[in-house]
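Engineer:
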Amino acid sequence: MELIIQLIFSFIFTACFGIIFNAPTKAIPYCGFVGAIGWIIYYMLIQINVTEVQASFIGAFVVAIVAQIFARRFKMPMIIFNVSGIIPLVPGGIAYNTMRNIVELDYTMGIQNGMRAFMISGAIAMGLVFAEVIIQLMMKFFKTGLTSMQSFARAKRRLK
């Protein structure tokens, strides 16, 4: 039951951010779906004791893959689905606690929370980038049969 509640609220929350970011009207439900999928992946990984950095990476990776699929299907920019999709994963509460701890002169806890927020944010960025690179390599491979690295190696061999 808790998983269903998480799914429903993450869908609504992410779709609302799609509205705030002026996503096209027909893309708003799909923005909600992308965010809900990313959040459920993150939530399930946290439930099985995966670290929040790893869960954020995998959640962002899945968000980017689903966003890429929707972008190609609806012929819209991928950023429409990506931005609203990663909103549930952003460590806003941790960043708030970092600033609160620093203001309260609790520097040790502030640095600890700051590092957590920094690592989670980096994991989200890396998840988005890795998914994009993997999709680009797959598309290149399926179109030409070779990845750019294989083409580079073949061209280098011809020069010898």
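So the sequence shown is residues 1 to 160, counted in the UniProt record's numbering. Glycine is no exception: its CB is placed at the ideal position from the N, C-alpha and C atoms.
(1) At the level of alpha carbons, what is the spacing between G127 and R100?
(2) Quick one: residues in its chain with C-beta nearer than 7 Å to the C-beta of N113, no 5 flanking neighbours on either side, listed in chain order?
(3) Which runs of the alpha helix (DSSP H) fall wholly inside the UniProt domain "Threonine/Serine exporter ThrE" (6-134) and span at least 4 residues, in chain order?
(4) In its own chain, which residues sit with a C-beta less than 6 Å from the C-beta of A131, not counting the 5 before and 5 after it?
(5) Beta-carbon within less than 6 Å of F11's beta-carbon, same chain only, minus the 5 sequence neighbours each way: which residues are those?
(6) Going by CA-CA distance only, name the one from A27, I8, L89 that's closest to Q54.
(7) Rank R73, Q68, E104 by C-alpha distance to the C-alpha of I134 and give the top, closest one.
(8) Mind the definition here: the segment 16-29 touches the segment 39-48 only if three or more C-beta pairs lie below 8 Å; say whether that holds.
(9) Compute the Euclidean distance between the alpha carbons of R72 and I79, then round it to the nearest angstrom.
(10) Mind reading off the beta-carbon distance from P91 to I120? Whole number of angstroms is fine, and I expect it under 8 Å.
(11) Going by other Cβ atoms of all chains shown within 10 Å of its Cβ, with 16 needed for buried, is G122 buried or exposed?
(12) Mapping DSSP to helix, strand and coil, what is M1?
(13) Alpha carbons only, please: which of L159, G18, M44, L105 is nearest the one belonging to N82?
(14) Beta-carbon separation of I4 and A15 under 8 Å?
(15) Determine the contact status of G85 and V129, defining contact as a CB-CB distance below 8 Å.
Structural biologist: Short version:
(1) Translated into the one-based positions of the sequence shown, residue 127 becomes position 127. Translated into the one-based positions of the sequence shown, residue 100 becomes position 100. Taking the straight line from one Cα to the other gives about 28 Å.
(2) The residue you call residue 113 lines up with position 113 of the sequence shown. Same-chain partners within the cutoff: I94, N97, T98, N101.
(3) 28-47, 52-74, 78-86, 92-103
(4) Reading the sequence shown from its first residue, position 131 is the one you call residue 131. Excluding sequence neighbours, A131 sits near F61, A64, I65.
(5) Along the sequence shown, one-based indexing puts residue 11 at 11. Contacts found: G32, A36.
(6) Taking the first residue of the sequence shown as position 1, residue 54 is located at position 54. The option with the nearest alpha carbon to Q54 is L89.
(7) Working through the sequence shown from its first residue, we reach residue 134 at position 134. Checking every option, the nearest Cα to that of I134 belongs to Q68.
(8) no
(9) Within the sequence shown, residue 72 is the residue found at index 72, counting from 1. Within the sequence shown, residue 79 is the residue found at index 79, counting from 1. Those two C-alpha atoms are separated by around 12 Å.
(10) Counting from one through the sequence shown, the residue named residue 91 turns up at place 91. Counting from one through the sequence shown, the residue named residue 120 turns up at place 120. At roughly 4 Å, the Cβ-Cβ gap stays under 8 Å, so P91 and I120 are in contact.
(11) The residue labelled residue 122 in the question sits at position 122 within the sequence shown. Counting Cβ neighbours within 10 Å, G122 comes out exposed, since fewer than 16 surround it.
(12) Here residue 1 corresponds to residue number 1 of the sequence shown, with the count starting at 1. Correct three-state label for M1: coil.
(13) In the sequence shown, the residue the question calls residue 82 occupies position 82. Looking at the Cα atoms, G18 is the closest of the given residues.
(14) By 1-based counting over the sequence shown, the position of residue 4 is 4. By 1-based counting over the sequence shown, the position of residue 15 is 15. Result no, Cβ atoms of I4 and A15 do not sit closer than 8 Å.
(15) Counting from 1 along the sequence shown, the entry for residue 85 is found at position 85. Counting from 1 along the sequence shown, the entry for residue 129 is found at position 129. No, they are not a contact pair.
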